[in-house]
Ligand code: GLY
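Residue numbers (this note's numbering): 1491 to 1834.
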């Protein structure tokens, strides 16, 4: 059957390559970069499959990667069944606080952290990027900005699952700051339910990176952070260079897992710089994991961090500290989940 998407792609690319060889004109977002014609999107964990479909509604029609990575993770933010968005586990005070960031091919970036009662933090992050002179807004200021931009204020109400888990946590946990608890089984520690589920590492984040048909890269990252975190705690996900980094000349990377240890090594910035030095995406992710292992020593046995990267050639790779990390990939030819290699 004739495929409109393929037609659009082939017509755009044949006219581009006829006019300009393999390059596009100066001033174009892809100036100086090869036109690949092969859009691709990757995102962390099982929820990535649905998120990638959302992104593909844009990428598959030659849309911009930036629009795709926003649309993609909005699918996850709207779901009440995972650890992202307003349906997720709350902090110790029983309040869901959300972090997100977004970055485009021009190194434009925007971020929100400690944001309450807003359904789509990723879209607020994009507005920060596009409508303010700043990169990051947090807390009440971020919420006020969101309201001024027309985002609705949602009810302060936990999802049924989160309410149940929170009540269970309250019974067993002392209500005081606990630090350095990184290896707690579900229900017994402040960070536990976001990390473990029946003995499996569980996720707290969706990170997505994409390359569009022009060969341009963008990324997004959004999370509720660790379940039952201290009030005010912010992880890696809204921090450019930690939870997400994009360099349109080299590649893009995102992170998931224990944010403190991603921040410690400026994780995704490290991954992109390692790709710049010539490492493949998987090698770069592995080397970033090795940096965490080196810093944490034995304590690394009790934490999970996963990195996921895409280079300018459209090659993909990932690596994690612990078994169990997976990512979703969608391209013109493939739609699949990939299990990731790990240090342990
Ligand atoms: N990786 C998400 C967080 O630590 O908040």
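No residue lacks a Cβ here, since even glycine has one placed at the ideal position from N, Cα and C.
*Is it right to say residue 1817 is buried, meaning 16 or more other beta carbons lie within 10 angstroms of its own, or is it exposed?*
One-based indexing of the chain shown puts residue 1817 at position 327. Under this definition residue 1817 is a buried residue.
*Based on the DSSP output, what are the partners of residue 1825 in its beta bridges?*
The residue you call residue 1825 lines up with position 335 of the chain shown. BP columns for residue 1825 point to 1820.
*Span of the beta strand (DSSP E) holding residue 1809?*
On the chain shown, position 319 is the one that residue 1809 refers to. Segment 1806-1810, the beta strand (DSSP E) holding residue 1809.
_Burial state of residue 1596, where buried means 16 or more other Cβ atoms lie within 10 Å_ = Taking the first residue of the chain shown as position 1, residue 1596 is located at position 106. It is exposed - the Cβ of residue 1596 has fewer than 16 other Cβ atoms within 10 Å.
*Closest to residue 1709 by CA distance: which of 1715, 1701, 1716 is it?*
The sequence position of residue 1709 within the chain shown is 219, counting from 1. That would be 1701, whose Cα lies nearest to the Cα of residue 1709.
_Pair within 9 Å by beta-carbon distance, residue 1599 and residue 1712_ = Your numbering for residue 1599 matches position 109 in the chain shown. Your numbering for residue 1712 matches position 222 in the chain shown. No, Cβ-Cβ distance for residue 1599 and residue 1712 is not below 9 Å.
_I'd like to know if the stretch 1638-1645 and the stretch 1608-1622 are in contact, where contact means that at least 3 CB-CB pairs between them fall below 8 Å._
yes
_Contact under 9 Å by Cβ, residue 1739 with residue 1784_ = The count along the chain shown starts at 1 and reaches residue 1739 at position 249. The count along the chain shown starts at 1 and reaches residue 1784 at position 294. Cβ distance not < 9 Å, so residue 1739 and residue 1784 don't count as in contact.
_Assuming residue 1749 and residue 1733 are in contact, meaning their beta carbons sit under 8 Å apart, how far apart are those beta carbons, in whole angstroms?_
Within the chain shown, residue 1749 is the residue found at index 259, counting from 1. Within the chain shown, residue 1733 is the residue found at index 243, counting from 1. About 7 Å separates the two Cβ atoms, so the contact holds.
*By Cβ distance below 7 Å, which residues in the same chain neighbour residue 1547 in space, the five residues on each side in sequence not counted?*
The residue labelled residue 1547 in the question sits at position 57 within the chain shown. 1561, listed in sequence order.
*So which of 1568, 1579, 1588, 1551 has the shortest CA-CA distance to residue 1729?*
Residue numbering aside, residue 1729 sits at position 239 when the chain shown is read from its first letter. Measuring C-alpha to C-alpha distances from residue 1729 to each of 1568, 1579, 1588, 1551 identifies 1588 as the nearest.
*asked:* Taking 8 Å as the cut-off, is the C-beta of residue 1752 nearer than that to any heavy atom in the ligand GLY?
replied: Residue numbering aside, residue 1752 sits at position 262 when the chain shown is read from its first letter. Yes; taking the cut-off as 8 Å, the Cβ of residue 1752 has a heavy atom of the ligand GLY nearer than that.
*Run of the alpha helix (DSSP H) containing residue 1613, from where it starts to where it stops*: The residue you call residue 1613 lines up with position 123 of the chain shown. Per DSSP, residue 1613 belongs to the alpha helix (DSSP H) from 1611-1621.
*Within 8 Å: the Cβ of residue 1710 and any heavy atom of the ligand GLY?*
Position 220 of the chain shown, counted from the start, is the residue given in the question as residue 1710. No; taking the cut-off as 8 Å, the Cβ of residue 1710 has no heavy atom of the ligand GLY nearer than that.
_In this structure, how does DSSP classify residue 1677 when only helix, strand and coil are distinguished?_
Indexing the chain shown from 1 puts residue 1677 at position 187. Only weak support exists for where residue 1677 lies, its pLDDT of 32 falling under 50; the coordinates are left without a value.
*Buried versus exposed, by CB contacts within 10 Å (16 or more), residue 1670*: In the chain shown, residue 1670 corresponds to position 180, counting from 1. Bear in mind that the predicted position of residue 1670 carries a pLDDT of just 31, short of 50, making it unreliable; the figure below should be weighed with that in mind. Exposed.
*asked:* Once DSSP output is grouped into helix, strand and coil, what is the label at residue 1593?
replied: Here residue 1593 refers to the residue found at position 103 of the chain shown. Correct three-state label for residue 1593: strand.
*Do you know whose CA, among 1628, 1767, 1756, lies nearest residue 1795's CA?*
The sequence position of residue 1795 within the chain shown is 305, counting from 1. Nearest in C-alpha terms to residue 1795, of all of 1628, 1767, 1756, is 1756.
*asked:* Does the distance between the C-beta of residue 1832 and the nearest non-hydrogen atom of the ligand GLY fall short of 8 Å?
replied: The sequence position of residue 1832 within the chain shown is 342, counting from 1. Set against 8 Å, the gap from the CB of residue 1832 to the closest heavy atom of the ligand GLY is not smaller.
_Closest Cα partner of residue 1663 within the set 1581, 1553, 1780, 1777_ = Along the chain shown, read from residue 1 onward, the residue named residue 1663 stands at position 173. When each option's Cα is compared against that of residue 1663, the closest is 1581.
*Thinking C-alpha only, which one of 1821, 1825, 1833 is nearest residue 1886?*
This structure cannot settle anything about residue 1886, because the visible part of the chain is limited to 1491 through 1834.
*Quick one: Cα of residue 1724 to Cα of residue 1804, how far?*
The count along the chain shown starts at 1 and reaches residue 1724 at position 234. The count along the chain shown starts at 1 and reaches residue 1804 at position 314. Rounded to whole angstroms, the separation of the alpha carbons of residue 1804 and residue 1724 is 31 Å.
_Whole-angstrom distance between residue 1787 and residue 1550, CA atom to CA atom_ = Numbered from 1 along the chain shown, position 60 holds the residue referred to as residue 1550. Numbered from 1 along the chain shown, position 297 holds the residue referred to as residue 1787. Rounded to the nearest angstrom, the two C-alpha atoms are 44 Å apart.
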